[in-house]
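From first to last, the protein sequence lines stand for chains W and U.
Remember, my numbering sits 7 above the position in the first sequence when you count from 1.
Remember, my numbering sits 257 above the position in the second sequence when you count from 1.
Every residue gets a Cβ at the ideal spot worked out from N, C-alpha and C, and that includes glycine.
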Amino acid sequence: MLKLRDGIVELYRKVATSLPKDVEDALKRAFEKERDSVAKENLRILLENVRLARIEEIPICQDTGIPVFYVKVPKCLGQERIKETILEATRIATERIPLRPNSVDVITEKNSGDNTGIDFPLIHMEETEEENLIIDLMLKGGGSENIGCMYKLPNTEIKAERGLEGVRAVILDAVLNAQGRGCPPYIIGVAIGGSRDHVAYQSKRQLLRRLQDFHRELALASFEEMLTQDINRLGIGVMGIGGDTTCLGIKIEVSNRHPATYFVDVSFSCWAMRRGRLIW
Amino acid sequence: MVVLSTPLREDKLRALRIGDMVLINGIILTARDKVLRYLFEERPEMEFLENSIIYHCGPIVKDNKVLSAGPTTSIRLDRYTPELIAHYHIKAIIGKGGMGEETLSAMKNYGCVYLQATGGAGVYLAKRIKRIVDVKFLEEFGMPEAMWILEVEDFPAVVTMDSTGESLHKKIEEMSRRWRSNS
């Protein structure tokens, strides 16, 4: 598994030090149309930062996050060995790139120093009929993780009934509460469904989708588009100190629910949406 | 663009207003969750904390060089801050996202400002760090949470909370909520 290990180290490098093209292009468009001078200067700094990080192969942001893996494993490969290889690659990547050591033991409060520990990195695995091993990696920063939230509908406080209008209300509420604390412009993942754990998993997973990847259901695709425009009218802007762009895109997924339950989970990514794929 | 150099002069700080862009020169200290809680609970005597600039940041450091060092979210550190401003006479806080009412009022009382740096611009901002002067609590708290004493040159930020009690974060939040309730 040596070659795979090195491949994962390079995946870490690519994800930590270069922004996906769709996100960079969206930031460039935001820069072009920005009317607020402070927001424009911040966007200029962000884009220059992205350029420097890519050329020098240094992490875009010092918070290299919690590494979250989504792995599709062909039947012929053992999941345990894949997991061990990911852990080994994580230790090497932390030292070599370097990544910031972010894994802190909850009881002893000690930082492990190598980005491994209990459920760290986070690894989701599923079996696939396909021949190739597919590894998606997301580096999820702590600031944007902290502003994520879950709602139960109906919600009387923000007058959100069940249905897309209620979902719109809670998403706007989440953004209003987040303000600039998670490094906007945001990319937002949303999941609607009947189980708390599943909507939390799904909303974060939506962040892997490209900005141009609109939902297969036309109704949800136009809902994604409309919500992005709504959020950008709030005026929160880059870094939350005013401006035209608060959100680069919003991605929604749905699962069937129980008659009694209706959960909406909202995951935020900072502008530095770091994701990448390795096919092996 | 206003150039600020350490030690910061009170009259110069008092003249800053929200929306001003600044360039910082001199010594800044990183402090975040663990260090600030320790300072809050123990109040150790540390001369370099007097009249200092605190930077909410957990950098990546390798071979004694800071590689990536943008701001972390400040609101988590809000509960320690008013008393620390009073105790150590902290003159400026660099971070992102802004801080709460009590910190704003301590800033007014003691002549302190909040400077928002560009979140996520880790490499860009690290290039404005000339050298690591010293590091404290590295063993106890680890790389991201240690207190790094750094010398910076032309480190860019925006004044978003000033010593007259104005907060740009508060203004934007009120404006965005108003827009929402009218829509």
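What does residue i reach in chain U if we use C-beta pairs closer than 9 Å?
i        : result
Cys277/W : Gly376 and Gly377
Cys156/W : Those within 9 Å of Cys156/W in chain U number zero; the least Cβ separation is about 15 Å.
Asn109/W : Gly315 and Pro401
Between residue i and residue j, what straight-line distance do the alpha-carbon atoms span, to the nearest angstrom?
i        : j        : result
Arg88/W  : Ala100/W : 18 Å
Tyr295/U : Val409/U : 25 Å
Gln373/U : Gly85/W  : 48 Å
Phe127/W : Pro191/W : 26 Å
Asp187/W : Ile178/W : It should be noted that the sequence gives Gly, not Asp, for residue 187/W. Going by the C-alpha atoms only, they are around 15 Å apart.
Gly124/W : Gln69/W  : 20 Å
Arg103/W : Arg284/W : 20 Å
Glu396/U : Ala267/W : 51 Å
Asp251/W : Ile243/W : 8 Å
Ser420/U : Arg42/W  : 27 Å
Gly173/W : Gln236/W : 17 Å
Leu265/U : Asp143/W : 47 Å
Ala378/U : Glu168/W : 39 Å
Arg281/W : Asp268/U : 43 Å
How would you list, in chain order, the residues of chain U whose beta-carbon sits under 7 Å from the beta-carbon of residue i?
i        : result
Asn49/W  : Thr375
Cys68/W  : Ser325, Gly327, Gly377 and Gly379
Leu179/W : Arg437
Glu55/W  : Tyr381
Which bits of chain W does residue i rub up against, with CB to CB less than 8 Å?
i        : result
Ala288/U : Going along chain W, no residue has its Cβ under 8 Å from Ala288/U, so there is no contact; the nearest lies around 15 Å.
His426/U : Gln186, Gly187, Gly247 and Ile248
Residues of chain W with a CB under 7 Å from the CB of residue i: which are they?
i        : result
Ser433/U : Leu183, Leu241, Gly242 and Ile243
Lys319/U : Pro105
Thr421/U : By Cβ distance, chain W contributes nothing, its closest Cβ being about 17 Å from Thr421/U, past 7 Å.
Please state the DSSP three-state secondary structure of residue i.
i        : result
Glu258/W : Inspection of the sequence shows that residue 258/W is occupied by Lys rather than by Glu. It is a strand residue.
Met280/W : coil
Lys365/U : helix
Leu214/W : helix
Glu224/W : coil
Thr263/U : coil
Thr92/W  : helix
Asn263/W : coil
Met258/U : coil
Ser424/U : strand
Ser202/W : coil
Leu18/W  : helix
Leu280/U : strand
Leu26/W  : coil
Leu286/U : strand
In chain U, which residues lie with their C-beta within 8 Å of the C-beta of residue i?
i       : result
Val45/W : Gly276, Met278 and Val415
Glu63/W : Val380
Ile52/W : Thr375, Ala378, Tyr381 and Pro413
Ala96/W : Within chain U, no residue comes near Ala96/W; the closest Cβ sits about 18 Å away, beyond 8 Å.
Val59/W : The sequence given here places Leu at residue 59/W; Val does not occur at that position. Residues of chain U passing the Cβ test: Val380, Tyr381 and Lys384.
If residue i sits next to residue j, beta carbons under 8 Å apart, how far is it from one beta carbon to the other, in whole angstroms?
i        : j        : result
Arg61/W  : Thr24/W  : 6 Å
Val206/W : Met157/W : 7 Å
Asn56/W  : Ile67/W  : 7 Å
Ala383/U : Ala326/U : 4 Å
Gly249/W : Ala46/W  : 6 Å
Gly376/U : Pro316/U : Contact doesn't hold; Cβ gap of about 14 Å is too wide.
Ala132/W : Val75/W  : Contrary to the premise, residue 132/W reads as Met rather than Ala in this sequence. Their Cβ separation, rounded to whole angstroms, is 12 Å, which puts Met132/W and Val75/W out of contact at 8 Å.
Cys369/U : Lys387/U : Between Lys387/U and Cys369/U the Cβ distance is about 24 Å, and since that is not below 8 Å, they are no contact.
Between residue i and the ligand PLP, is the CB less than 8 Å from at least one heavy atom?
i       : result
Pro74/W : Judged by which ligands are present, the structure shown has none, so any question about the ligand PLP falls away.
In chain W, what lies closer than 9 Å to residue i by C-beta?
i        : result
Thr338/U : Within chain W, no residue comes near Thr338/U; the closest Cβ sits about 15 Å away, beyond 9 Å.
Any alpha helix (DSSP H) of 4 or more consecutive residues that is wholly inside the segment 104 to 170 of chain W: 149 to 153
In chain order, each beta strand (DSSP E) run of at least 3 residues that lies wholly inside the segment 32 to 83 of chain W: 73 to 81
Segments of 4+ residues assigned as alpha helix (DSSP H) that fall wholly inside the segment 299 to 363 of chain U: 338 to 345
Contiguous alpha helix (DSSP H) assignments of at least 4 residues, all confined to the segment 372 to 413 of chain U: Scanning the segment 372 to 413 of chain U from its first residue to its last, the whole alpha helix (DSSP H) runs of 4-plus residues come out as 379 to 383 and 395 to 398.
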